[in-house]
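Residue numbers (the numbering used here), protein chains in the order written: chain A, 1 to 116; chain B, 1 to 230.
Beta carbons are placed, not taken as given, at the ideal position from N, Cα and C, and that holds for glycine.
Reviewing the structure listed below.
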Amino acid sequence: MSTTEQTEQTTDKKRVPFTWVAVGIAVVALLLAGVVSYYASANPDGLEYVAEKTGFIDSASEHGAADGPLADYGTKGVDDERLSGGLAGVIGTVVVLVLAGGLALVVRRRPGSTEE
Amino acid sequence: MHVPDGFLDAPTSIATGAVAVVAVGVALRGARRELDDKTAPLAGLVAAFVFATQMLNFPVGAGTSGHLMGGALAAVLVGPWTGVLCVSVVLIVQSLLFADGGITALGTNILLMAVTTVVVGWFVTRVLMKVLPKRVGTVAPAAAVGAFVSVPAAAAVFTALYFVGGTADISLATLTTAMLGWHTVIGLGEGAITFLAVGAILAVRPDLVYAARSVIAERDLVIKPKEAAA
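See the structure below:
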C-alpha cells in the first residue's frame, strides 16, 4: 500500500453518511418500542416460566418501583393500551439513548486532550 | 431473564452487586479506548436499540417467550467494554423506571445480561472470526453464533447463582435442565436478531461495526495518536 493512500484516509465518496445511519437506528428503535412492542408475546419469559414450573415464582417479592408512572411498560393515566405501552416504549428508548449516549460522550477519548 | 427481587438471598445479591460495580468500573476505563466522537453517539443508539428490542418478546412454544439480551450485539457493534456499559444502562432504566428486574437484583441482572452475554458473545465471535476467512461477510454469522451461545451461558450462570443463594429449595438438576433447555431455544432468536442487526449495519457502513474493523484494517489504515496513560 502506498503512503499517499494511507495519508489520504481513503473514504468512499458514495458511502452512507453517519447521520443517516444514526437516524435510521433511532427510527427503527422508536418504531419497535413504540409500535411493534404492542404485538410482542405476553407469555412469561424463559426464567419466569421455569420459575413457575419448578415452583419458585412465589419467592419473587413486590418490586420497589411497581407503582411508578411507567411500571410494567405502561404509562399511568393513559387508558388506551396501545398508546400507553407505545408511549412507555418511546420514553424508555429516549431515556436510554440520552443516558448511554451521554455516558459514552463523557468516557470517550477527546482529540487534543491527554488529561481528564 | 430479568431476575426479580427475592429469587436470590441477600448475601448472593450483595456479592453479585459488588461484582457488577467492579465490572462496570473496569468497563468505564476500557470503553475509553473504544469511544471517540463518532462511536460515542453510536453507543447511545445501540443501547436504545437494545432497550427497544428487549420489549419484543417472541414466543418460543409451550406458553413461553424470550427476548433479546443484546450483550453480544452491543459488543460486536461498539466493542465489548462499551457493550457492558450499554446493556447496564438498559437494565438500570428497566429496573428503576419500568419495574422490570428487581432493584436488589440489579447486580445479578448486570452480571447475567450485561457481563456474561458480552464476555461469552464477544469471545465466541472473535474465535470464529479468527478461524473463518478474513472477510466482512463472516462478521454477522460469527456474531450470530456468539449471540446464540451467550443466552444459555447466562442461563447457566443464573443456575449456578441459584444453587449458591436461591431462596427456594429446588432440585439443581431440574433447574439446570429447564433453564438451559428453554434458553437454548431463546438463543436462536438472539442469534437471528443479532445476525439481522449486525448485517444491516455492515451492509451500509461496515466501518461502523467494531468487530469488523480488524477485517477491514488492511484496506483502510487510519493512524491514531498514541494515548498517554492516565
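- Taking buried to mean at least 16 other C-beta atoms within 10 Å of its own C-beta, is Arg-109(A) buried or exposed? To locate residue 109(A), count along the first sequence from 1; it is residue 109. By the Cβ neighbour-count rule, Arg-109(A) is buried, with 16 or more other Cβ atoms within 10 Å of its own.
- Query: When the Cα atoms are used, what is the spatial distance from Ile-170(B) to Thr-54(A)?
  - Reply: Locating residue 170(B) in the second sequence gives position 170, where the first residue counts as 1. Locating residue 54(A) in the first sequence gives position 54, where the first residue counts as 1. Cα to Cα, the separation comes out at about 7 angstroms.
- Task: State the Cα-Cα distance for the pair Leu-28(B) and Leu-103(A), rounded to the nearest angstrom.
- Result: Your numbering for residue 28(B) matches position 28 in the second sequence. Your numbering for residue 103(A) matches position 103 in the first sequence. C-alpha separation (whole angstroms): 9 angstroms.
- Exposed or buried, what is Phe-51(B) when buried is set at 16 or more other beta-carbons lying within 10 Å of its beta-carbon? If you number the second sequence from 1, residue 51(B) lands on position 51. That one is buried.
- Reference Ala-60(A); option with closest CA among Gly-61(B), Thr-64(B) and Gly-102(B): Numbered from its first residue, the first sequence carries residue 60(A) at position 60. Distances from the CA of Ala-60(A) to each of Gly-61(B), Thr-64(B) and Gly-102(B) were compared; the closest alpha carbon is that of Gly-102(B).
- Task: Could you work out which residue in Leu-132(B), Met-129(B), Val-89(B) and Ala-99(B) is closest to Leu-111(B) when comparing CA atoms only?
- Result: Here the question's residue 111(B) lines up with position 111 in the second sequence. Residue Val-89(B) is the option with its Cα nearest to Leu-111(B).
- Task: Inspect the CB distances between the segment 137-145 of chain B and the segment 193-203 of chain B and report whether three or more fall short of 8 angstroms.
- Result: yes
- Thinking C-beta only, is Thr-125(B) closer than 8 angstroms to Ala-72(B)? For this step, residue 72(B) is matched to residue 72 along the second sequence. For this step, residue 125(B) is matched to residue 125 along the second sequence. In contact: Ala-72(B) and Thr-125(B) (Cβ atoms closer than 8 angstroms).
- Compute the beta-carbon to beta-carbon distance between Ala-43(B) and Val-78(B), rounded to the nearest angstrom, for a pair I have assumed lies under 8 angstroms. By one-based count along the second sequence, residue 43(B) stands at place 43. By one-based count along the second sequence, residue 78(B) stands at place 78. Yes, they are in contact, since the Cβ atoms of Ala-43(B) and Val-78(B) sit about 5 angstroms apart, within 8 angstroms.
- Within-8 angstroms CB hit, Ile-103(B) to chain A: Residue numbering aside, residue 103(B) sits at position 103 when the second sequence is read from its first letter. Closer than 8 angstroms to some Cβ of chain A, the Cβ of Ile-103(B) qualifies, so yes.
- Burial state of Thr-19(A), where buried means 16 or more other Cβ atoms lie within 10 Å: As a first step, residue 19(A) is located in the first sequence; it is residue number 19 there, counting from the start. The residue in question, Thr-19(A), is exposed, as its Cβ has fewer than 16 Cβ neighbours within 10 Å.
- Are Val-198(B) and Val-215(B) closer than 8 angstroms when you measure CB to CB? Mapped onto the second sequence, residue 198(B) falls at position 198. Mapped onto the second sequence, residue 215(B) falls at position 215. No, these two residues do not count as a Cβ contact at 8 angstroms.
- Message: So that I know if they touch, is there some Cβ in chain B lying closer than 8 angstroms to that of Ser-59(A)?
- Response: Locating residue 59(A) in the first sequence gives position 59, counting from the first residue. Yes, Ser-59(A) counts as interfacial toward chain B.
- Give, in chain order, every residue of the segment 147-174 of chain B whose Cβ lies closer than 9 angstroms to some Cβ of chain A. Val-151, Ala-155, Phe-158, Tyr-162, Gly-166, Thr-167, Ala-168, Asp-169, Ile-170, Ser-171 and Thr-174
- Message: The alpha helix (DSSP H) that contains Pro-41(B), what's its start and end?
- Response: For the purposes of this step, residue 41(B) is identified with residue 41 of the second sequence, where counting begins at 1. That run of the alpha helix (DSSP H) goes 39-54.
- Item | Of the residues Val-19(B), Phe-98(B), Val-115(B) and Ala-155(B), the one placed nearest His-63(A), counting alpha carbons only | Residue 63(A) sits at position 63 when you count from the first residue of the first sequence. Among Val-19(B), Phe-98(B), Val-115(B) and Ala-155(B), the Cα nearest to that of His-63(A) is on Phe-98(B).
- Query: Roughly how many whole angstroms lie between the Cα atoms of Ala-152(B) and Ala-31(B)?
  - Reply: Locating residue 152(B) in the second sequence gives position 152, counting from the first residue. Locating residue 31(B) in the second sequence gives position 31, counting from the first residue. In the sequence as displayed, the identity of residue 152(B) is Pro instead of Ala. Whole-angstrom Cα-Cα distance: 26 angstroms.
- Message: Check whether the segment 177-185 of chain B and the segment 126-133 of chain B are in contact - that is, three or more C-beta pairs closer than 8 angstroms.
- Response: no
- Is there at least one Cβ from chain B nearer than 8 angstroms to Arg-108(A)'s Cβ? Position 108 of the first sequence, counted from the start, is the residue given in the question as residue 108(A). Using a CB distance cut-off of 8 angstroms, Arg-108(A) counts as an interface residue toward chain B.
- For chain B, find out if any of its Cβ atoms is closer than 8 angstroms to the Cβ of Thr-157(A); answer yes or no. No answer is possible for residue 157(A): the residues shown for chain A start at 1 and end at 116.
- Item | Continuous beta strand (DSSP E) assignments of at least 3 residues falling wholly in the segment 105-190 of chain B | none
- Task: Quick one: using the 10 Å Cβ neighbour count with 16 as the cut-off for buried, is Phe-7(B) buried or exposed?
- Result: The residue given as residue 7(B) occupies position 7 in the second sequence. Buried: at least 16 other Cβ atoms inside 10 Å.
- Message: Please report the distance separating the alpha-carbon of Thr-12(B) from that of Phe-158(B).
- Response: As a first step, residue 12(B) is located in the second sequence; it is residue number 12 there, counting from the start. As a first step, residue 158(B) is located in the second sequence; it is residue number 158 there, counting from the start. Approximately 11 angstroms between the Cα atoms of the pair.
- What is the DSSP secondary structure of Ala-211(B), counted as helix, strand or coil? In the second sequence, residue 211(B) corresponds to position 211, counting from 1. In this structure, DSSP gives Ala-211(B) a helical state, which the three-state scheme calls helix.
- Secondary structure of Thr-64(B), DSSP reduced to three states: By one-based count along the second sequence, residue 64(B) stands at place 64. Strand, per DSSP.
- Spatial distance of Met-1(A) from Ala-217(B) (CA atoms): Residue mapping note: residue 1(A) aligns to position 1 of the first sequence, counting from 1. Residue mapping note: residue 217(B) aligns to position 217 of the second sequence, counting from 1. Unreliable positioning characterises Met-1(A) in this predicted model, as indicated by a pLDDT of 42, which lies under 50. The coordinate reading is nonetheless provided below. Distance between the alpha carbons of Met-1(A) and Ala-217(B) is about 12 angstroms.
- Item | Coarse secondary structure for Met-1(A), derived from DSSP in three states | Counting from one through the first sequence, the residue named residue 1(A) turns up at place 1. Low confidence applies here, because Met-1(A) scores a pLDDT of 42, under 50, leaving its location unreliable; read the following figure in that light. Reduced to three states, the DSSP call for Met-1(A) is coil.
- Positions along the segment 106-131 of chain B whose CB lies within less than 8 angstroms of some CB in chain A: none
- Query: Of the residues Ala-71(A), Lys-76(A) and Ala-33(A), which one's Cα is nearest the Cα of Ala-47(B)?
  - Reply: As a working note, residue 47(B) is residue 47 in the second sequence. Selected option, being the one with the closest Cα: Ala-33(A).
- Report yes if the CB atom of Gly-101(A) is closer than 8 angstroms to the CB atom of Ala-40(B), and no otherwise. Taking the first residue of the first sequence as 1, we reach residue 101(A) at position 101. Taking the first residue of the second sequence as 1, we reach residue 40(B) at position 40. Contact flag set, yes.
- Candidates Ala-105(B), Leu-56(B), Ala-212(B) and Val-3(B), of which the one nearest Val-136(B) by Cα: Position 136 of the second sequence, counted from the start, is the residue given in the question as residue 136(B). Ranking Ala-105(B), Leu-56(B), Ala-212(B) and Val-3(B) by Cα distance to Val-136(B) puts Ala-212(B) first.
- Message: Please report the straight-line C-alpha distance between Thr-10(A) and Thr-75(A), rounded to a whole angstrom.
- Response: If you number the first sequence from 1, residue 10(A) lands on position 10. If you number the first sequence from 1, residue 75(A) lands on position 75. Low per-residue confidence applies at Thr-10(A): pLDDT is 48, beneath 50, and the placement is therefore not dependable, though the value from the model is reported in the following sentence. Between Thr-10(A) and Thr-75(A), the C-alpha separation is close to 48 angstroms.
- From Asp-72(A), Val-96(A), Gly-46(A) and Leu-83(A), pick the residue whose C-alpha is nearest to that of Thr-176(B); which is it? Locating residue 176(B) in the second sequence gives position 176, where the first residue counts as 1. The candidate whose alpha carbon is nearest that of Thr-176(B) is Gly-46(A).
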